[in-house]
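The structure under discussion appears below in the form of structure tokens.
Numbering (this note's numbering), first residue to last: 9 to 955.
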């Protein structure tokens, strides 16, 4: 029986697209027919990690070397003998050849999605690095001994950090790999020929490089670059973690933050019994704060812009060296190319990742999805960027498949360009139109990302800049005198005080140059507002506050539109100016002014907050409570600031503002329960049968920017330790909400309205609460109950509270006694807020807001039994209208009193925005409103009012 003819790849449709395009593949299959047979056998199977390990073992076995087993992980592999270095070199090159040829066939046949291709190349790199490390380390250890961690006595591994696309799991098919080599403690090897660890790991690195990157008959595995290590070329090849920390703190540069964003430890183990967890935790504890800053980071913008320009200029210089080759052909570095997509995504990661941990994913597409989910990128834009990324990466891979070259250049001639289109399964016309559309969108998105607020490519706007060599102080003072006339001397004195402050005098050179730009621009921006002198002083206060934070100087100096918005807010409200100065992290919100006027989407904010809180973990995987607390405070500030911007522009009524601030507090209370419960509960899978009841301003949905929260904690749980665990939950929640952290305080919490006040239990059962309300509560406590509501926590417990509340409000009462109690409490309130100013206090004086509130509460307590609709927590104005509809009040009086209450609230709010703690006006200013409220009081609770 004759043997079967050898396999002819040209006869198999699966191979046709690859053979038509890739000269490299044709030559390899002609030279190695057995490779063609192998590809035919495996080409319909996905290239995953299990396949890589299996093929590695097959090749090692064929070379006569022991294998670790196809399912081996790094730990198991470390227990098997390492391959001899020469064998390792040969096995890895043959494995790379198999993987590369397999991907050519599968990708161009449409069988391998982008995720498989980049995942296969990243998995190959991880495996190759680990194998090269094991082989060389074993060889060195035979001579010098195994380095030992002095702290644990266990073998000490080298930490191999994969940078860039390797770290992000996104290697292209002909990629370099960037590595940084680190190790834990210093020491000396125990072998007969001792080496310091510094020298041991340096030699290990040096000997690993040829195993991976030298070219022989089977090519190479990966070109390897070590220049991203601290200080680059000329510095030690391997750094201890302590030395690395000193470098980052003292010398780490902005572009290195970009480089370390994707850094990932390659899973590699050379020594049995080693444990690198402590070193990995230390590494991450260094990397994360270096890459991600607590505040939104606009230094990163300038650094990335400079890096982008340096890369582009370098490419253009090299292109000119290739006979002026058009850089527009470069789909990686050219306009609208892959690098610009990466910059768009990574810019947001660097700027925002310190405050939004959910954005820190190393993978580009995962990070893009996180930004979409966070609302940073519109969903349509994210979808188009992802489509462009897939298209450009597939084209990039096809270019590299052709001759196994690390190229990103499209063919300039029509014929090979059309062949490229066909290799990608497209007509030339469709390819060109898709390419143009994708690159145009990417380029436009990139310009918007780097040109926020009208800033041009150089980072300069319309505002003129002082010359760096000018006498800054003299020029600034001259400018102030020219613009402000009689007010000039006072403002000039403030400017001189600013320039002489320690915060400014101690600035580094870069920040002083920014200040030279910023101060005259700030004066000009303030001069264009409605309150120029006040805006100038407040801007100087802000600048002095943020002077040591170069990121904020960069933002204000490089974004004139943002500076102008800050100036307008400073002019509009001293309270807003103080708020912004105390919380400068809010400045970033002013970049995209339009987003500040969008309605708050509390569901989306809640989802993003939950994702960010989930990402706040310590190296051991436990929650980072301090970061979580700070993050919640930052989110509260951002949302409040968005409402403040709308408030100052007249976009919100006082009622709508209060509703929004109350909804924000409800959301944060609910999230606080979720975060604190695991810290106090020790019962597996138990859920908190717990509710937060809001009283006062939050209960009535009348919260202001700085209002306290009046809360009562209730539970309904049969577990034996319920009183103890829920008291602990209430105590931890109060601490979580009210503790002063580096980001401030979330809310002041008042728990005195709980049963028995300060002497009562911190959390009470629903039954005990009901019993107290029925038998022991004072009249003023029932008054308070009229504006109480379930704000957060278990819905069933909340419903039980609402039922108790309704029962109490509908209960019959001794009306004369209640009337006397309410009047007495009103007198007590007046006595507690004396007013000798001669002005009318719109809240506490007779005829003010408290009178309306007391009348409404009295009507609810006396009339809800007959008119149950009054028991609903609907707000004072609505309740007055309903009382009139029930015949309890004159319609005209109810309308006038309701309008008066609305006006009084608006006046109080406006005066607080002007920084006035007490809202007091000339006695005749609100005479009509005061008269309406007085008439309401007299009709319902006055001396002549009937029972």
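Yeah, the Cβ is synthetic: ideal placement off N, Cα and C, and Gly gets one too. These numbers come from a predicted model, not from an experiment.
- Shown here, residue 678 sits in a helix according to DSSP, grouped into three states.
- DSSP lists 723 as the bridge partner or partners of residue 773.
- Collapsing the DSSP output to three states places residue 700 in a strand.
- The segment 618 to 625 makes no contact with the segment 862 to 880, as fewer than three CB pairs between them are under 8 Å.
- The C-beta distance from residue 584 to residue 921 rounds to 7 Å, short enough to fall under 8 Å.
- Pairing residue 359 with residue 393 gives a Cβ-Cβ distance that is not under 7 Å.
- The beta carbon of residue 671 lies closer than 6 Å to those of 610 in the same chain, with the five residues before and after it left out.
- By the neighbour-count criterion, in which 16 or more other beta carbons inside 10 Å mark a residue as buried, residue 49 falls on the exposed side.
- For the segment 27 to 59, there is no continuous beta strand (DSSP E) assignment of 3+ residues that stays within its boundaries.
- Contact annotation: residue 400 and residue 346 have beta-carbon atoms nearer than 7 Å.
- Taking every protein chain shown into account, the CB of residue 295 has 16 or more other CB atoms within 10 angstroms, so this residue is buried.
- In the three-state DSSP reduction, residue 273 falls in the strand class (E or B).
- Residue pairing of residue 248 in beta bridges, as defined by DSSP: 191.
- The straight-line gap separating the alpha-carbon atoms of residue 154 and residue 245 is approximately 19 Å.
- Nearest neighbour of residue 599 by Cα position, chosen from 615, 570 and 614, turns out to be 570.
- Ranked by how close their Cα comes to the Cα of residue 489, the residues 544, 251, 711 and 946 have 544 in first place.
- In the DSSP assignment, residue 170 is bridged to 187 and 272.
- In the DSSP annotation of this structure, the continuous segment of the beta strand (DSSP E) that includes residue 801 starts and ends at 797 to 801.
- In the DSSP secondary-structure assignment, residue 848 is bridged to 929.
- Where residue 624 is concerned, there is no enclosing alpha helix (DSSP H), because DSSP gives it neither an H nor an E.
- Short of 7 Å from the beta carbon of residue 511, and not among the five residues preceding or following it, lie these beta carbons of its own chain, in chain order: 552, 555 and 556.
- Residue 525 has its alpha-carbon roughly 11 Å from the corresponding atom of residue 518.
- Of the candidates 29, 15, 241 and 55, 15 places its Cα closest to the Cα of residue 40.
- Contact between residue 157 and residue 174 is ruled out by a C-beta separation of about 26 Å, above the 8 Å threshold.
- The C-beta distance from residue 857 to residue 912 rounds to 5 Å, short enough to meet the 8 Å contact threshold.
- Collapsing the DSSP output to three states places residue 232 in a strand.
- The C-alpha of residue 814 is placed about 25 Å away from the C-alpha of residue 735.
- Relative to the Cα of residue 563, the nearest Cα in the group 575, 577 and 595 belongs to 595.
- Residue 409 sits close to residue 30, with the two beta carbons spaced by under 7 Å.
- With respect to residue 99, residue 68 sits close: the two C-beta atoms are nearer than 7 Å.
- Under the 8 Å Cβ criterion, the segment 709 to 727 counts as touching the segment 753 to 770, having at least three qualifying pairs.
- Residue 763 sits in coil when the DSSP states are folded into three classes, being neither helix nor strand.
- For the options 287, 231, 403 and 821, the alpha carbon positioned closest to that of residue 247 is the one of 287.
- In the structure shown, the three-state DSSP call for residue 749 is strand.
- In the DSSP assignment, residue 356 falls within the alpha helix (DSSP H) that extends over 346 to 360.
- Restricting attention to 406, 859, 619 and 880, the CA atom closest to the CA of residue 939 is found in 859.
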